[in-house]
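Trainee:
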Amino acid sequence: MALNLTQKQEVVAELAEVAGKAHSLVASEYLGLTAGQLTDLRKKAREQGVFLKVAKNTLVSRAVADTDYAIVQDDLVGPLMYAFSQEDPGAAGRLIKEFAKANDKLKPRIVAIGGQKYPGTHVDVLASLPTRDEALSMLLSVMVQPATQLVRLLSEPASQVTRVVNAAGQAKAA
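Sequential numbering of the sequence shown, starting at 1, is according to full-length UniProt numbering.
#1: Nearest-angstrom Cα distance between Glu113 and Gly78?
#2: Nearest CA to the CA of Thr34: which residue from Ala127, Lys105, Val123?
#3: Would you identify the three-state DSSP class for Leu52, choosing helix, strand or coil?
#4: By the DSSP assignment, the alpha helix (DSSP H) with Ser128 in it spans what residues?
#5: Is the beta carbon of Leu76 less than 7 Å from the beta carbon of Ser61?
#6: For Gln73, which residues of its own chain have a beta-carbon under 8 Å away from its beta-carbon, when the five flanking residues on both sides are left out?
#7: According to DSSP, is Ala27 helix, strand or coil?
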């Protein structure tokens, strides 16, 4: 069903708003997927904080023109589905990678993050990015390590004195 001018403007405005806030983009070829599979994919996308949209490439090109994703404009060719990560950068990559394992018809074509464009094969790299909670726990462990080592260093002389006194006591008792 063809869209009239007002509907096209609404789609472009919606996509521009999402692209302006998104952390990453994965554009995938979806030909051959059934309506049930697409519905399942959309459900998983909502659960994982990913905005999923099938739209005309010209509308998407106009929507991303003033965002970090303007670099993908020349590569928007063929029927593509667009997944924008809204909460954490790797969410779209994890969604597409996981779904593509079970459905070989879904093929990632373009990955964009941080103003850089990569081929679809980089969806594995994007999917391996840690979630926010994982990144915070990694940061915390890095920050705690020097303090732990300092405590060990400061307590070592006392431990050595204790061992020497204990050894001397055992030697006298024997």
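Positions of the beta carbon are idealized from the N, C-alpha and C atoms, including for glycine.
Mentor: So, from the data block:
#1: On the sequence shown, residue 113 is found 113 positions in, with the first residue counted as 1. On the sequence shown, residue 78 is found 78 positions in, with the first residue counted as 1. Residue 113 is actually Ile in this sequence, not Glu. Roughly 21 Å between the two C-alpha positions.
#2: The sequence position of residue 34 within the sequence shown is 34, counting from 1. Nearest C-alpha to Thr34: Lys105.
#3: By 1-based counting over the sequence shown, the position of residue 52 is 52. Correct three-state label for Leu52: strand.
#4: Position 128 of the sequence shown, counted from the first residue, corresponds to residue 128. Here Ser128 belongs to no alpha helix (DSSP H), and DSSP marks it neither H nor E.
#5: Sequence index remark: in the sequence shown, residue 76 carries index 76 (1-based). Sequence index remark: in the sequence shown, residue 61 carries index 61 (1-based). Yes, Cβ-Cβ distance for Leu76 and Ser61 is below 7 Å.
#6: Stepping through the sequence shown from its first residue, residue 73 is reached at position 73. Within its own chain, the residues whose Cβ lies closer than 8 Å to the Cβ of Gln73, once the five positions on either side in sequence are excluded, are Ser61, Val64, Ala65, listed in chain order.
#7: Start at 1 with the first residue of the sequence shown, and residue 27 comes out as number 27. The three-state secondary structure of Ala27, taken from DSSP, is strand.
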